[in-house]
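S.K.: In this text, residue positions in the sequence shown follow the working numbering: the first is 372, and each later residue adds one.
C-beta atoms are modelled at their ideal positions from N, C-alpha and C, and glycine is treated no differently.
Quick one: this structure, given as C-alpha cells, is what I'll be asking you about.
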Amino acid sequence: LQDPSLQDQCGDLAAELFQRAENRELFTEWQTCSTIDRLREVMDISLCEHLDTLAARVLPPLDPTQREEALAQCLRRLEERSLRELKVQEGVLFSSSETDLENEEDALEAVLERNRRLRELFSARSHWDPGRERK
C-alpha cells in the first residue's frame with residue numbers, strides 16, 4: 372500500500388490467500404487503484420479505517436531491491452500459510468469414508484500439487500539469506 376511501485380508484483384496473488392475478509396476486500400479493490408487516495412474513494416467507508424491503519428504502519432527503511440525481496444517473502448508466506456491450511460483440510464477429506472473413487476483421485480492430484488508447491492516455497496525460503504548482498 373505504501374509503495375505503489377510494488378503493486379505489479381502482486382498481480383498473480385489470489386485474494387483468497389488473505390485470511391481476514393477485510394484484507395481480501397481491500398486487496399481486491401487495491402488491485403484496480405493506483406493510489407491510496409483513489410482506493411479510499413472507491414472503498415466502503417467501513418474499510419477506510421482498516422486501510423488507514425495499514426497505511427500508517429511504520430516500515431523499516433529499505434532500498435527498492437530490499438523492498439521487492441521483502442514483498443516476495445511476504446507473498447511466499449501468504450501462499451505457504453494457505454497451503455498449510457489446505458493440508459489440514461486434506462486430512463479431514465481423506466479420513467472420510469464417504470468419498471467416491473473419482474473424487475479421491477482428484478483430491479490426491481490436488482494433494483500432490485500442494486506438496487510440490489510447498490516444497491518450492493520451502494526451498495525458496497531456505498535459499499534466502501537476509502545478510503546476502505544482491506548483485
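Could you give the distance in angstroms between the alpha-carbon of A441 and the alpha-carbon of G462?
M.R.: Looking at the two C-alpha atoms, the distance is approximately 32 Å.
S.K.: If the criterion is Cβ atoms closer than 7 Å, does the pair D374 and R447 meet it?
M.R.: Result no, Cβ atoms of D374 and R447 do not sit closer than 7 Å.
S.K.: How should L410 be labelled, buried or exposed, when 16 other C-beta atoms within 10 angstroms of its C-beta is the threshold for buried?
M.R.: The residue in question, L410, is buried, as its Cβ has 16 or more Cβ neighbours within 10 Å.
S.K.: So with Cβ pairs under 7 Å, would you call V459 a contact of chain C?
M.R.: No chain C is present in this structure, which holds just one protein chain.
S.K.: Using 8 Å for Cβ pairs, my map puts Q451 next to L489. What's the rounded Cβ distance?
M.R.: Checking the displayed sequence, the identity of residue 451 turns out to be Glu instead of Gln. At roughly 7 Å, the Cβ-Cβ gap stays under 8 Å, so E451 and L489 are in contact.
S.K.: How long is the line joining the alpha carbons of C445 and L388, rounded to whole angstroms?
M.R.: C-alpha separation (whole angstroms): 11 Å.
S.K.: Can you list, in chain order, the residues of its chain whose CB lies under 6 Å from that of A386, leaving out five sequence neighbours each side?
M.R.: R395, F398 and T399.
S.K.: In this structure, does DSSP put R490 in helix, strand or coil?
M.R.: It is helical.
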